[in-house]
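Residue numbers (the working numbering): 137 to 191.
Spelled out as C-alpha coordinates, the structure:
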(Lines of atoms letter the chains of each structure in order from A and count residues from 1; the text may use other names and numbers.)
(Lines give C-alpha, C1' and ligand atoms only; values in the text may rest on other atoms or scores of the structure.)
Protein backbone atom coordinates (compact mmCIF):
# COMPACT_ATOMS: atom_id res chain seq x y z
CA UNK A 1 0.00 0.00 0.00
CA UNK A 2 1.45 3.36 -1.06
CA UNK A 3 0.19 6.17 1.16
CA UNK A 4 0.01 9.73 -0.11
CA UNK A 5 -1.35 13.11 0.92
CA UNK A 6 -3.94 14.93 -1.17
CA UNK A 7 -2.56 18.46 -1.02
CA UNK A 8 -5.87 19.93 -2.13
CA UNK A 9 -7.58 18.51 0.98
CA UNK A 10 -4.86 18.67 3.65
CA UNK A 11 -5.26 21.61 6.06
CA UNK A 12 -2.28 20.64 8.25
CA UNK A 13 -4.46 19.88 11.27
CA UNK A 14 -1.87 17.28 12.36
CA UNK A 15 -4.41 14.58 13.23
CA UNK A 16 -2.38 12.12 11.16
CA UNK A 17 0.87 13.16 12.84
CA UNK A 18 -0.59 12.44 16.28
CA UNK A 19 -1.57 8.86 15.42
CA UNK A 20 1.50 7.82 13.44
CA UNK A 21 3.43 5.23 15.49
CA UNK A 22 6.72 5.81 13.66
CA UNK A 23 6.81 9.60 13.25
CA UNK A 24 6.54 9.10 9.49
CA UNK A 25 4.44 12.22 8.92
CA UNK A 26 5.90 15.67 9.28
CA UNK A 27 4.92 19.27 8.72
CA UNK A 28 8.00 21.02 7.36
CA UNK A 29 8.58 24.61 8.49
CA UNK A 30 6.36 27.04 6.60
CA UNK A 31 4.59 24.19 4.78
CA UNK A 32 0.83 24.06 4.34
CA UNK A 33 0.64 20.31 3.79
CA UNK A 34 2.09 17.38 5.74
CA UNK A 35 4.64 15.10 4.12
CA UNK A 36 5.15 11.37 4.50
CA UNK A 37 8.67 10.40 5.50
CA UNK A 38 8.87 7.26 3.36
CA UNK A 39 11.82 5.68 5.17
CA UNK A 40 9.90 5.77 8.47
CA UNK A 41 6.50 4.68 7.14
CA UNK A 42 5.49 1.09 7.94
CA UNK A 43 2.26 1.35 5.90
CA UNK A 44 0.04 0.64 8.91
CA UNK A 45 -2.65 3.01 7.61
CA UNK A 46 -3.47 4.52 11.01
CA UNK A 47 -3.30 7.98 9.46
CA UNK A 48 -6.05 7.32 6.91
CA UNK A 49 -9.07 7.12 9.25
CA UNK A 50 -7.54 9.79 11.53
CA UNK A 51 -7.80 12.47 8.84
CA UNK A 52 -11.03 14.47 9.21
CA UNK A 53 -10.55 15.92 5.71
CA UNK A 54 -9.89 12.64 3.88
CA UNK A 55 -6.59 13.98 2.63
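All residues carry an ideal CB built from backbone N, CA and C; glycine is no exception.
- Assignment of residue 186 by DSSP, reduced to helix, strand and coil, places it in the helix class.
- Boundaries cannot be given for residue 168, as no alpha helix (DSSP H) includes it and DSSP labels it neither H nor E.
- The criterion of a C-beta distance shorter than 7 Å is not satisfied by residue 151 and residue 191.
- Under the 10 Å beta carbon count, residue 167 is surrounded by fewer than 16 other beta carbons and is classified as exposed.
- The C-alpha of residue 174 is placed about 14 Å away from the C-alpha of residue 153.
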